[in-house]
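Engineer:
In our numbering, the protein residues as written are 10 to 181.
#1: Closer than 6 Å by C-beta to residue 132: which residues in its own chain qualify, once you throw out the five before and the five after it? Chain order, please.
#2: Select from 158, 167, 163 the residue whose C-alpha is nearest the C-alpha of residue 175.
#3: Do you know whose CA, among 89, 117, 80, lies nearest residue 182's CA?
#4: Can you tell me which of 152, 168, 145 puts its alpha carbon nearest to the alpha carbon of residue 161?
#5: Please report how far the alpha carbon of residue 140 lies from the alpha carbon of residue 94, in whole angstroms.
#6: I need the boundaries of the alpha helix (DSSP H) containing residue 171, first residue and last residue.
#7: Roughly how many angstroms separate the alpha carbons of residue 31 and residue 137, rounded to a whole number?
#8: So, residue 124 versus residue 110, is the Cβ gap smaller than 8 Å?
#9: Tell me which residues share the same chain as residue 83 and place their Cβ nearer than 6 Å to its Cβ, disregarding the 5 neighbours each side in the sequence.
#10: Kindly indicate which residue of 61, 62, 88 has the alpha-carbon position closest to the one of residue 46.
#11: From residue 97 to residue 126, what does the alpha carbon distance come to, in whole angstroms?
#12: Could you tell me the boundaries of the beta strand (DSSP E) in which residue 150 lies?
#13: Cα-Cα, which of 115, 63, 61, 100 is closest to residue 38?
#14: Where does the unbroken beta strand (DSSP E) through residue 40 begin, and where does it stop?
#15: Just reading off the beta strand (DSSP E) that residue 123 is part of, what are its end residues?
#16: Check residue 79 in the structure and name its three-state DSSP category.
#17: Using a Cβ-Cβ cutoff of less than 6 Å, which residues in the same chain neighbour residue 108 once the five nearest sequence positions on both sides are dropped?
#18: DSSP three-state call for residue 85: helix, strand or coil?
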């Protein structure tokens, strides 16, 4: 019996050790933007251009529709993951801001999005299993009401085999 408990404990510690020592993501946010080194922040603006006497110059910042946020400022942590992203319109006024939190294993655990006045618009909580695989994504509205949940299931080999989405919101 004692040997069985020791073996179970050893297996459990092995799983925890694996989860702590391996990142489930091959890339961090710096890789997404093709950045290298110890980047602390990034500014990204899209400008309309014009040509005059063979020289191309920038004109005004392009303000894309609400779903395309290309004008932004992002801050990164030491591991290269975004901790804050501020989106701007063509006048460089804040449209919205998202703050990202990570757990001890480097997995995204929470994101909160605020409007231009600093009012919470959306909160997302991410849950993981002992192996560091995402098992759920819970989305909440500005009142703290759960809007949706996405559940993930994995095969024994770690391949995602199911993504199940359910929503509590109704659109009329």
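Where a beta carbon is used, it is the ideal one built from N, C-alpha and C, also for glycine.
Just so you know, these numbers come straight off a predicted model, no measurement behind them.
Structural biologist: For this structure:
#1: The residue labelled residue 132 in the question sits at position 123 within the chain shown. Correct list, in chain order: 121, 149.
#2: Taking the first residue of the chain shown as position 1, residue 175 is located at position 166. Residue 158 is the option with its Cα nearest to residue 175.
#3: A query on residue 182 cannot be resolved here, the shown segment of the chain reaching from 10 to 181 and no further.
#4: Stepping through the chain shown from its first residue, residue 161 is reached at position 152. Nearest of 152, 168, 145 to residue 161, Cα basis: 145.
#5: As a position in the chain shown, residue 140 is number 131, starting the count at 1. As a position in the chain shown, residue 94 is number 85, starting the count at 1. The straight-line gap from Cα to Cα measures roughly 28 Å.
#6: Here residue 171 refers to the residue found at position 162 of the chain shown. Segment 169-176 is the beta strand (DSSP E) holding residue 171; no alpha helix (DSSP H) there.
#7: Within the chain shown, the letter at position 22 stands for residue 31. Within the chain shown, the letter at position 128 stands for residue 137. Because the pLDDT at residue 31 is just 45, under 50, the model does not fix this residue reliably, and the value given afterwards should be weighed accordingly. Each residue's Cα considered, the two are about 14 Å apart.
#8: Numbered from its first residue, the chain shown carries residue 124 at position 115. Numbered from its first residue, the chain shown carries residue 110 at position 101. Not in contact: residue 124 and residue 110 (Cβ atoms no closer than 8 Å).
#9: To locate residue 83, count along the chain shown from 1; it is residue 74. Around residue 83: 51, 91, 94.
#10: Taking the first residue of the chain shown as 1, we reach residue 46 at position 37. Among 61, 62, 88, the Cα nearest to that of residue 46 belongs to 88.
#11: Locating residue 97 in the chain shown gives position 88, where the first residue counts as 1. Locating residue 126 in the chain shown gives position 117, where the first residue counts as 1. Approximately 13 Å, taken between the alpha carbons.
#12: Translated into the one-based positions of the chain shown, residue 150 becomes position 141. Per DSSP, residue 150 belongs to the beta strand (DSSP E) from 143-150.
#13: As a working note, residue 38 is residue 29 in the chain shown. For residue 38, the nearest C-alpha among the options comes from 115.
#14: Position 31 of the chain shown holds residue 40. Looking at the DSSP string, residue 40 is not in any beta strand (DSSP E); the run it does join, the alpha helix (DSSP H), is 38-41.
#15: Working through the chain shown from its first residue, we reach residue 123 at position 114. Note, residue 123: beta strand (DSSP E), 117-124.
#16: Stepping through the chain shown from its first residue, residue 79 is reached at position 70. Here residue 79 sits in coil by DSSP.
#17: Stepping through the chain shown from its first residue, residue 108 is reached at position 99. 93, 121.
#18: Position 76 of the chain shown, counted from the first residue, corresponds to residue 85. If DSSP states are grouped into helix, strand and coil, residue 85 belongs with the strands.
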